[in-house]
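Protein chains: 2
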Amino acid sequence: MESEQIIIDEEKFIPHLSIDCVIFGFHGEQLKVLLPKVKNLDLWSLPGGYVLKDEDIEKAAQRILEERTGVTDIYLEQFYVFGKANRSTGETLKKILLKNNVKINNTSWVFERFVSIGYYALVDFSKVNTKIGIYDEACEWHDIHQLPNLAFDHAEITQKALETLRFMLDDKLIGLNLLPETFTMKELQILYETILDKPLRRDNFQRKILSMGILERVEKKFTGAAHKAPYLYKFIK
Amino acid sequence: MESEQIIIDEEKFIPHLSIDCVIFGFHGEQLKVLLPKVKNLDLWSLPGGYVLKDEDIEKAAQRILEERTGVTDIYLEQFYVFGKANRSTGETLKKILLKNNVKINNTSWVFERFVSIGYYALVDFSKVNTKIGIYDEACEWHDIHQLPNLAFDHAEITQKALETLRFMLDDKLIGLNLLPETFTMKELQILYETILDKPLRRDNFQRKILSMGILERVEKKFTGAAHKAPYLYKFIK
DNA sequence: TATCATTGTTTCATTATGGAACAATGATAC
DNA sequence: GTATCATTGTTCCATAATGAAACAATGATA
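Chains as they are written, first to last, in full-length UniProt numbering: chain X, 1 to 237; chain S, 1 to 237.
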């Protein structure tokens, strides 16, 4: 059987530089991360790729995200550069590319050290239709607290992304990007609790959020449950 | 007259990647930035350089800092990556290298686009003995509010570094790195006011800082002035 | 000894936060 | 219909943090 061979044109990219994206979504009271799975290996990775020689790094991050996960036009924020000389080995990548039938010169820069720029993305879980990138076997959401076996230093990158998210929580109106158009106060609170990984008081949370004047009360949400129906809110533009 | 020619060995470095450092110091009630001056041009730049192929980026930043300014072993923090495709032109660099008698292949990657990692450094102004790097004509401190003509997007990089410094002020114990061993409460307050660019109340500032329990009162400072002598403080290790 | 400039501290009002209780309400069981 | 239940929305009060003003202390000088 002749194998299909996908060839990476190394000349098109800036060598030794890569981008890795941590895509956060929120669903079922859990903070999740979208991860592609390496073909035929028990190995997952952050969606990553290279920067074209005449491409803005921000654009590169968007392109990579779309190629690997199908997610387009989303909130992206650079958060850290991972640049230890020994942070990635060519061996893992060779294993991965072998499983993907990617033909590449064995002496290529892609097997040498990488400096990787970390971006985090915030997406509305309900609007995402993931697609499987050409190098991947699957692309799935994972609870931030139960991550699978991750390649390279991608666990560390994910951790740093989470810490940055926490640090920026008050500053960046993160709910706007992680929640659907309308949501209940409880959903917003659980999102904050999940990111901060600590419980918050219902009354104080509501008071504080409402005092910020960024929410608009829309209507009530009748779920059929035997209790008072909560209001729905949306962010004011 | 035969010119001395310094040759950059492009092969040693990761191409298209650079590091730029914003070095903050505090003196005479002003926040200052240490800038090398390009030889024979009315042009200043941030101390910057390239990353060796097997070098940690953090190490590279330290090395660059030492080569260009003589400053060693200081507090360094990565703050942003500048990666627009059009952020630097080869023309400016050619002008600079020409003035420095640096011989380089005209088709080298150094004249193409760069992705630059920004680091900021905090130093004790009183302990710094700057030296002039081999590519430079001078190396001087400039008030953050009166910057000279800066190359490339270095004004923007400096601005972003300042914003990051502001944002981190409560979190990072910045005074520890910018002030000498001992200092008065007023000096610390002026440092904060200078970074935040807004006045603070004397009484409230003192109360807040002291309540953090990070300062130790050492002795009094007699200046010979006709008023009460202020205490000196130092940071508790 | 009085004066002056500045530093250190206290006091009081205002605002934010922590903690508890109470009121409202939409379904269900009887 | 009425009582019950779970959850949501709100109020109340004590405590902590912050803003603003006044007062007390002190080291030199006149």
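From the three backbone atoms N, C-alpha and C, an ideal C-beta is built for every residue, glycine too. All of these numbers come straight from a predicted model, not from anything done at the bench.
Checklist entry - Between which two residues does the beta strand (DSSP E) carrying R217 of chain S extend? => result In the DSSP annotation of this structure, the continuous segment of the beta strand (DSSP E) that includes R217 of chain S starts and ends at 215 to 220.
Item to check | The beta strand (DSSP E) enclosing A138 of chain X, as first and last residue numbers | outcome: Note, A138 of chain X: beta strand (DSSP E), 136 to 143.
Next on the checklist: DSSP three-state label for L179 of chain X, please.
Outcome noted: DSSP places L179 of chain X in coil when its eight states are reduced to three.
Checklist entry - Among X:I96, X:I57, X:H27, which has the Cα closest to the Cα of S18 of chain X? => result When only C-alpha atoms are compared, the closest one is X:I57.
Checklist entry - If you follow the beta strand (DSSP E) that I19 of chain X is part of, which residue opens it and which one closes it? => result Its beta strand (DSSP E) spans residues 13 to 27.
Checklist entry - Which of the three DSSP states, helix, strand or coil, is assigned to L43 of chain S? => result L43 of chain S: coil per DSSP, three-state reduction.
Checklist entry - Would R113 of chain X pass as a contact of A151 of chain X if the rule is Cβ separation under 7 Å? => result For the 7 Å CB-CB criterion, R113 of chain X and A151 of chain X do not form a contact.
Item to check | Cβ-based burial, I7 of chain S [other Cβ within 10 Å; buried from 16] | outcome: With fewer than 16 Cβ atoms within 10 Å of its Cβ, I7 of chain S is classed as exposed.
Item to check | Assigned exposure category for R166 of chain S - 16 Cβ within 10 Å defines buried | outcome: The residue in question, R166 of chain S, is exposed, as its Cβ has fewer than 16 Cβ neighbours within 10 Å.
Next on the checklist: Determine, for H27 of chain X, whether the minimum Cβ-Cβ distance to residues of chain S falls below 7 Å.
Outcome noted: Not flagged as an interface residue toward chain S: H27 of chain X, since no C-beta distance is shorter than 7 Å.
Next on the checklist: Under 9 Å, CB to CB, which of the residues in the stretch 52 to 75 of chain X have a partner in chain S?
Outcome noted: Hits within the stretch, in order: L52, K53, D54, E55, D56, I57, E58, K59, A60.
Next on the checklist: If I measure Cβ to Cβ from V218 of chain S and keep anything under 8 Å in the same chain, skipping five residues before and after, which residues do I get?
Outcome noted: Excluding sequence neighbours, V218 of chain S sits near T182, Y231, L232, Y233, K234.
Next on the checklist: Under DSSP, the beta strand (DSSP E) around S116 of chain S begins and ends at which residues?
Outcome noted: S116 of chain S -> beta strand (DSSP E) spans 115 to 122.
Checklist entry - Do you know how far the Cα of V115 of chain X is from the Cα of I64 of chain X? => result So the alpha carbons of these two residues sit roughly 16 Å apart.
Item to check | Chain-ordered chain X contacts of H227 of chain S [CB-CB under 7 Å] | outcome: The contacting residues do not exist; H227 of chain S stays about 41 Å from chain X at best.
Next on the checklist: Do D153 of chain X and R68 of chain X count as a contact pair if the criterion is CB distance below 7 Å?
Outcome noted: Going by beta carbons, R68 of chain X and D153 of chain X fall outside the 7 Å limit.
Checklist entry - Are the Cβ atoms of W109 of chain S and P199 of chain S separated by less than 7 Å? => result No, the pair does not count as a contact, with Cβ atoms beyond the cut-off.
Item to check | Inter-residue spacing [alpha-carbon to alpha-carbon] between K228 of chain X and F222 of chain X | outcome: The C-alpha of K228 of chain X lies about 8 Å from the C-alpha of F222 of chain X.
Checklist entry - In this structure, does DSSP put V110 of chain X in helix, strand or coil? => result Here V110 of chain X sits in helix by DSSP.
Next on the checklist: What would DSSP say about Q206 of chain S, mapped onto helix, strand or coil?
Outcome noted: Helix.
Checklist entry - Could you give the distance in angstroms between the alpha-carbon of I96 of chain X and the alpha-carbon of I74 of chain X? => result Distance from the CA atom of I96 of chain X to the CA atom of I74 of chain X, rounded to whole angstroms, is 28 Å.
Checklist entry - Which of helix, strand or coil does DSSP assign to K152 of chain S? => result Here residue 152 of chain S turns out to be Phe, not Lys, going by the sequence shown. Taken through DSSP and simplified to helix, strand or coil, F152 of chain S comes out as coil.
Next on the checklist: Under DSSP, the alpha helix (DSSP H) around Q62 of chain X begins and ends at which residues?
Outcome noted: Per DSSP, Q62 of chain X belongs to the alpha helix (DSSP H) from 57 to 69.
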